[in-house]
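Worksheet: one structure, shown below.
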Amino acid sequence: MKRLVVGFAALLLVILSGCTSLSQRANEKDNWNKIKQSKTVVVGLDDSFVPMGFRQKNGQLVGYDVDLAKAVFKQYGIKVSFQTIDWSMNATELQNGTIDLIWNGYTKTPEREKQVAFSKTYLRNDQTLVSLRKNNITSTADMTNKALGVQTGSSGANDISTYPKILKNRIQDQSPVLYDTFTNAFIDLNAGRIQGLLIDSTYANYYVQHDKNPKKYRVVNTLFPKEEFAVGIRKSDDTLRRKINVALERLAKDGTLTKINEKWFGRNVDSPLLTK
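Read left to right, the sequence shown gives residues 33 to 308 (the numbering used here).
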């Protein structure tokens, strides 16, 4: 029995060290040659984040970022494999080598920049407050002593903590209700379990526009700073970052980015790549 236990412990140690080694290699080396040879890049996303990346009723994955990622890597003859992840663990998944990129309405923040590198900004976004019109919430001040929802690990959750005077100090228990997905948050909003939802304007506008009864919602602007969407990349992947930036610039110049913008938003939205 002793030998069996010792043998099992040794095997477990080998497995764990192997996993650690794989993680270190992914996080410390430039992985472009590996991606180029396999002709596949793995993108991590939350597959319920409309319109950036979400599943239709038939299960097909579609969205703005899905189209953009495919267009970027089509230039290099590389297939994009989309991997659904726990959004609150996105940086960990990236560093562990489970995914190669975080690409799903991912906002640049000083905190995130400590862990990952970012591509050029391809879209700007705002944090908005969504509520039911019957709740009579026309500003963040109207959320005093009311329940506010937000997605775990989102830039909105970060903003609530970073700028407490805007919402945190007003809301019920001075703490938001956390959700794994905005889909579940909207369910609670419609059921009256929360009175407001802090959410990306890209998601809010698309969701409300496609609801059966869009007039039941009110979308209110907030004083949180404007955000920048970019691709999250391992800091060691300098070549991959450069390739993505070059491809984004090409898509802006040849009109592809404008077409993708208009497809998903019906208009040419705020993209700094198109203002140069």
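Think of the CB as a built atom: it goes at the ideal place given N, C-alpha and C, for glycine as much as any other residue.
Is the beta carbon of T213 closer than 8 Å to that of D78? yes
Between A217, G264, D269, which lies nearest to K80 when the distance is taken from Cα to Cα? Note on residue identity: the sequence assigns Ser, not Lys, to residue 80. Checked all of A217, G264, D269; the closest Cα to S80 is A217.
Expected contact under 8 Å - CB spacing of Q227 and A179 to nearest Å: 6 Å
For G188 and Y195, the rounded distance between their alpha carbons: 10 Å
Pick from Y249, N237, K166 that is closest to F297, judged by C-alpha positions: N237
Which of the three DSSP states is assigned to V98 in this structure? helix
Alpha-carbon spacing of R162 relative to K89, whole angstroms: Going by the sequence as given, residue 162 is Val instead of Arg. Taking the straight line from one Cα to the other gives about 24 Å.
Got a sec? Which residues, its chain only, sit under 6 Å from T116 by beta carbon, not counting five neighbours each side? D79
Determine the extent of the beta strand (DSSP E) in which D232 is found, giving its start and end residues. 228-232
Minimum C-alpha distance to S191 - residue among D220, Y235, L230: Residue 191 is actually Asp in this sequence, not Ser. Answer by Cα proximity: L230.
Where does S70 land, buried or exposed, given buried means 16+ other C-beta within 10 angstroms? exposed
Would you list the residues sitting across from K111 in a DSSP beta bridge? T72
Output the distance between the C-alpha atoms of V209 and Y108, rounded to the nearest integer angstrom. 42 Å
Compute the Euclidean distance between the alpha carbons of T72 and W135, then round it to the nearest angstrom. 15 Å
Please report the residue range of the beta strand (DSSP E) in which R299 lies. Element bounds for R299: n/a, residue is neither H nor E.
Give the secondary structure of A149 by DSSP, where H, G and I count as helix, E and B as strand, and everything else as coil. strand
Whole angstroms are fine: how far does the CA of A279 sit from the CA of L272? 11 Å
Residue-chain proximity (T116, chain B), Cβ-Cβ < 8 Å: In the structure shown, chain B does not exist; there is a single protein chain.
Leaving aside the five residues before and after V182 along the sequence, list all residues of the same chain whose C-beta is less than 6 Å from its C-beta, in chain order. G188, A189, P208, L230
For the beta strand (DSSP E) containing F86, list its first residue and its last residue. 85-87
Could you check if N157 is buried or exposed, using at least 16 other CB atoms within 10 Å of its CB as the buried criterion? buried
Can you name the start and end residues of the beta strand (DSSP E) that V209 belongs to? 209-211
Nearest to N253 (by Cα), restricted to the options A149, V112, A173, T141: A173
Delimiting residues of the beta strand (DSSP E) encompassing N253: 249-253
Go ahead and pull the three-state DSSP assignment for S268. coil
Taking the beta carbon of R225 as the centre, do at least 16 other beta carbons fall within 10 Å, making it buried, or is it exposed? exposed
For Y206, count neighbouring Cβ atoms within 10 angstroms of its own Cβ and tell me buried if that reaches 16, exposed if not. According to the sequence shown, residue 206 is Gln rather than Tyr. The residue in question, Q206, is exposed, as its Cβ has fewer than 16 Cβ neighbours within 10 Å.
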